[in-house]
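Sequential numbering from 24 applies to the sequence shown in the working numbering. Think of the CB as a built atom: it goes at the ideal place given N, C-alpha and C, for glycine as much as any other residue. Bear in mind that the values here come from a model prediction, so they are computed numbers and not experimental data.
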Amino acid sequence: MDSAYKADKEAFVSGLTGSTVGHINAISLLVAFLSVAVHAGVQSRLNPRPAPLLSFAILVLPLLLGMTLLANAPGVLIVGLGAAAAGLYAKAPKELDSPLPSRSPAPSAAFSTSPARVPPLPALSTFRAHMLLMTILAILAVDFPVFPRELAKCETYGVSLMDVGVGSFVFAAGIVSALPILKDPTYLRAPTPPKVLSVARKAAPIIALGLVRVALVKGTEYPEHVTEYGVHWNFFITLAVVPVLQVLLHPVIARGASVSWLAVLVGMTQQALLTVGGLDRYVLYAPRATLLSQNKEGIVSLLGMYAVYSVPYVYGTNDKPLPPLSLPREDDKTATELFGYTLLWWALFYIARYFKVGGQDVSRRMVNLPYILWVAAYNTTALLGYFALDLLFFPRLERYDPTSGLKRSPGAGAGAKAYAQARAPALLEAINKNGLALFLLANLLTGAINLTTQTMYASNTKAMVILTAYAGVVCWVAWAV
24 MDSAYKADKE AFVSGLTGST VGHINAISLL VAFLSVAVHA GVQSRLNPRP
74 APLLSFAILV LPLLLGMTLL ANAPGVLIVG LGAAAAGLYA KAPKELDSPL
124 PSRSPAPSAA FSTSPARVPP LPALSTFRAH MLLMTILAIL AVDFPVFPRE
174 LAKCETYGVS LMDVGVGSFV FAAGIVSALP ILKDPTYLRA PTPPKVLSVA
224 RKAAPIIALG LVRVALVKGT EYPEHVTEYG VHWNFFITLA VVPVLQVLLH
274 PVIARGASVS WLAVLVGMTQ QALLTVGGLD RYVLYAPRAT LLSQNKEGIV
324 SLLGMYAVYS VPYVYGTNDK PLPPLSLPRE DDKTATELFG YTLLWWALFY
374 IARYFKVGGQ DVSRRMVNLP YILWVAAYNT TALLGYFALD LLFFPRLERY
424 DPTSGLKRSP GAGAGAKAYA QARAPALLEA INKNGLALFL LANLLTGAIN
474 LTTQTMYASN TKAMVILTAY AGVVCWVAWA V
């Protein structure tokens with residue numbers, strides 16, 4: 024790659040200060056909610072299995088437009104998607120040809136001692152896939168001028184779409200890490216060393232990907248933004264190390280500690296190390312003279328990412344809105360409790376930001392306490408939104424059974440009507456199923472496009488053609504594998 028272009032490209036993504044929380048919420052959360060609402064309306068009112076191209080148009084293109092051409096005019100997307108969702112919601116739900124069985128297990132099955140199988144939660148699948156999809160779109164879009172600079176990663180302080188995207192990826196991975204506990208609560212009390220070795224073995228391929236990426240970047244003179252993670256460190260390495268650290272919390276959680284407050288405590292420890300321990304000054308001013316200092320951002324941010332990764336344990340362990348797998352799930356109760364957590368995280372975030380607890384502002388570079396709280400608030404809001412959409416478009420006709428103390432769905436007897444049940448869009452399920460492989464593919468495609476195209480000089484038309492084709496390839500692969 025031409026050295027002058029490489030320098031220009033590095034400057035193109037450097038020294039940025041970000042946008043506002045409201046703007047980011049509008050172009051990502053609100054657009055994502057409304058696109059899923061439109062798709063849910065199609066599923067429940069028109070066709071339970073929309074065509075792949077229609078799903079792509081509803082679920083992918085609005086996200087892409089929201090971070091590119093319409094990033095500074097999100098109202099156009101919000102009004103258009105909102106009107107479509109409202110129009111679909113006003114239609115009567117489509118009756119199916121034959122009744123479907125109830126999703127609620129019988130009381131006897133609810134307390135079965137057979138090994139737990141993790142049932143798919145549509146809202147959770149939608150959340151994870153949409154977060155991954157936004158990340159996949161953004162990592163290439165940021166290289167084009169059509170992607171506003173205020174949405175790219177901030178140099179040190181500030182909020183941006185890509186900054187929250189990094190934390191959201193870690194947050195979503197943390198939710199998955201709670202699955203062994205949901206399957207078997209005694210997993211928390213199992214000996215720690217074997218669990219650490221097991222998690223480390225699973226993380227080894229990701230570490231390998233991180234090292235391969237380092238070699239490729241150095242070997243091809245690919246543009247680097249060193250202040251993101253360091254000279255050799257990258258996101259793959261962070262993603263591999265954090266789960267190993269998480270296992271160390273298991274003995275504390277097993278003793279009944281509140282997971283939510285443990286996450287806050289870890290975040291406060293990170294903040295104390297930054298401000299009192301001087302790590303913030305080390306990150307900002309220390310020369311890159313040693314291997315440690317060359318990768319100071321990645322290393323110093325690890326404990327903060329550990330806190331981000333721990334927050335979803337709230338939704339998968341003892342103090343959670345998601346009930347144990349041995350009990351029936353009540354989506355309305357789940358949404359209510361998620362609402363409480365949403366208020367808690369946003370309140371803590373704005374308090375920390377008002378009192379400048381993290382220094383000047385939110386910092387993804389150092390993963391300070393305001394950043395941790397922001398990621399927790401943002402992603403809990405996303406989870407709440409997807410649960411609310413399921414309740415709105417796929418209501419469960421339940422009544423309270425005083426005998427069992429559970430909510431039971433009416434039996435599907437003769438003449439009973441059957442409607443589409445909540446499920447994640449098939450496209451998002453496909454993305455969710457092969458998340459890491461698709462993320463790797465997206466990184467490879469991003470590298471190939473940047474090595475063959477001078478993206479920072481591309482017109483908006485050329486950029487949108489490339490980005491749409493890129494999104495289409497990733498989604499096609501998700502469907503195909």
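Taken through DSSP and simplified to helix, strand or coil, Ser482 comes out as coil. Less than 9 Å separates the beta-carbon of Ile198 from that of Leu147.
Between Ile374 and Gln477, the alpha-carbon positions lie close to 43 Å from each other. Around the beta carbon of Tyr377, fewer than 16 other beta carbons sit within 10 angstroms, so the residue counts as exposed. Distance from the CA of Asn473 to the CA of Val275, rounded to the nearest whole angstrom, comes to 46 Å.
DSSP, read as helix, strand or coil, puts Ser333 in helix. Annotation: Thr469 to Val240 spans about 12 Å, alpha carbon to alpha carbon. Counting C-beta pairs closer than 8 Å gives three or more between the stretch 50–62 and the stretch 94–114, which meets the contact rule. Counting only the Cα atoms, Ala164 lies some 10 Å from Thr491.
With distances taken between CA atoms, Ala34 lies nearest to Lys176 out of Leu92, Lys176, Phe259. Leu451 and Phe150 have their C-alpha atoms roughly 9 Å apart. Val237 and Val65 have their C-alpha atoms spaced approximately 44 Å apart. Distance from the CA atom of Gly301 to the CA atom of Val385, rounded to whole angstroms, is 17 Å. Secondary structure of Ser51 (DSSP, three-state): helix. Around the beta carbon of Thr43, fewer than 16 other beta carbons sit within 10 angstroms, so the residue counts as exposed.
Under DSSP, the beta-bridge partners assigned to Val182 are Ser42. With a cutoff of 9 Å on beta-carbon distance, Lys319 and Tyr332 are scored as not near each other.
Rounded to whole angstroms, the Cβ separation of Met479 and Leu92 is 17 Å, and the two are not in contact under 8 Å. Residue burial annotation: Lys379 is exposed, with fewer than 16 other C-beta atoms found within 10 angstroms of its C-beta. In summary, Glu251 is buried, with 16 or more beta-carbon neighbours lying within 10 Å of its beta-carbon over all protein chains present. Every candidate beta strand (DSSP E) stretch fails here, since none sits fully inside the stretch 172–216 while reaching 3 residues. The C-beta of Val390 has 16 or more other C-beta atoms within 10 Å across all chains shown, which makes the residue buried. In this structure, the straight-line span from the alpha carbon of Phe417 to that of Thr475 is close to 46 Å.
Here Thr365 is not near Thr313, since their CB atoms are 9 Å or more apart. Under the three-state reduction of DSSP output, Glu33 falls in the helix class. With respect to the C-alpha of Trp499, the residue from Ala263, Phe194, Thr484, Ser78 having the closest C-alpha is Ser78. If you compare the alpha carbons of Val289, Ile50, Leu39, Pro75 with that of Ile454, the shortest gap goes to Pro75. One thing to note: Ile159 has its Cβ within 9 Å of the Cβ of Val497.
Here DSSP, grouped into helix, strand and coil, assigns Glu247 to coil. The C-alpha of Pro116 is placed about 17 Å away from the C-alpha of Ala447. When C-alpha distances from Leu463 are compared across Asp31, Trp502, Val235, Leu307, the shortest belongs to Val235. Distance from the CA of Pro393 to the CA of Leu211, rounded to the nearest whole angstrom, comes to 29 Å. The Cβ atoms of Gln269 and Val222 sit closer than 9 Å to each other. The shortest C-alpha to C-alpha distance from Leu396 to any of Trp284, His153, Leu459 is the one to Trp284.
In this structure, the beta-carbon distance from Asn466 to Ile162 falls below 9 Å.
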